[in-house]
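Visitor:
Numbering (full-length UniProt numbering), first residue to last: 1 to 239.
1) Quick one: give me the first and last residue of the beta strand (DSSP E) that residue 2 is part of.
2) Within this structure, are the beta carbons of residue 18 and residue 2 separated by less than 8 Å?
3) Could you pull the start and end residues of the beta strand (DSSP E) that residue 188 belongs to?
4) List in chain order: all unbroken beta strand (DSSP E) runs of 3+ residues lying wholly within the segment 18-44.
5) With C-beta atoms as the reference, is residue 137 less than 8 Å away from residue 81?
6) Would you kindly work out how many angstroms separate the C-alpha atoms of residue 90 and residue 100, rounded to a whole number?
7) Within this structure, are the beta carbons of residue 135 and residue 124 separated by less than 8 Å?
8) Per the contact definition of three or more C-beta pairs closer than 8 Å, is the segment 190-197 in contact with the segment 147-167?
9) Answer with buried or exposed for residue 231, where buried requires no fewer than 16 other C-beta atoms within 10 angstroms of its C-beta.
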């Protein structure tokens with residue numbers, strides 16, 4: 001359950017000891033003073049990086065019912081999203097450690113936090129992230145659903161379907177546009193305001209394992225199970 005932090009360029013290491021199970025994902029928050037780490041037992045911890053102590057621990061009904069798969073933070077670090085194999089994405093107030101709401105695919109509305117537990121479903125959250133320019137969040141699921149949620153109303157705004165499971169999603173820095181890559185080897189661009197598919201980029205013969213955008217989102221670089229890396233020049237019809 002340990003996670004480690006190295007300083008650069010000195011290389012000094014600090015260890016953060018979590019529960020007696022592996023840490024599965026983590027992210028340093030924008031203030032550089034805190035980090036959120038998810039664990040195999042469904043626990044989420046917010047760490048004080050200077051003190052080496054946990055500020056908040058989310059477990060039981062506040063945590064997840066299965067291993068964490070991904071975490072993300074809003075641009076100002078006030079909100080955190082956590083995703084798990086239990087098919088849920090939880091919106092957490094990073095300052096208080098309180099769960100604001102629970103998003104779950106297959107339900108038109110998010111669930112409110114409750115004390116009870118439910119059986120996990122056979123669909124997992126694979127990737128998630130916040131939009132920088134609008135109060136929106138995107139959650140990508142193993143069944144190929146991209147869900148766009150309105151954080152102001154805590155409601156589902158759009159469901160965008162893929163032909164196979166989503167591997168990763170990324171928001172464009174300065175627009176409400178979300179990019180997805182999936183197991184079918186295709187990169188897709190979505191307008192989060194309308195839910196409309198803007199364009200697709202094909203060329204891989206196997207699943208895309210990961211991808212990245214340059215700063216102005218004019219280039220997408222992909223890596224795939226077909227042993228190839230590809231560079232795509234983005235041409236958006238809306239700009």
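We treat Cβ as the ideally placed atom computed from N, Cα and C, and that holds for glycine.
Guide: In brief:
1) Counting along the chain, the beta strand (DSSP E) containing residue 2 begins and ends at 2-6.
2) Contact: yes.
3) In the DSSP assignment, residue 188 falls within the unbroken beta strand (DSSP E) covering 187-191.
4) Counting whole runs of 3 or more residues, the segment 18-44 contains the beta strand (DSSP E) stretches 23-28, 34-39.
5) Between residue 137 and residue 81, the C-beta gap is smaller than 8 Å, which places the two residues in contact.
6) C-alpha separation (whole angstroms): 8 Å.
7) Going by C-beta atoms, residue 135 is not nearer than 8 Å to residue 124.
8) Counting Cβ pairs under 8 Å, three or more are found: they touch.
9) It counts as exposed.
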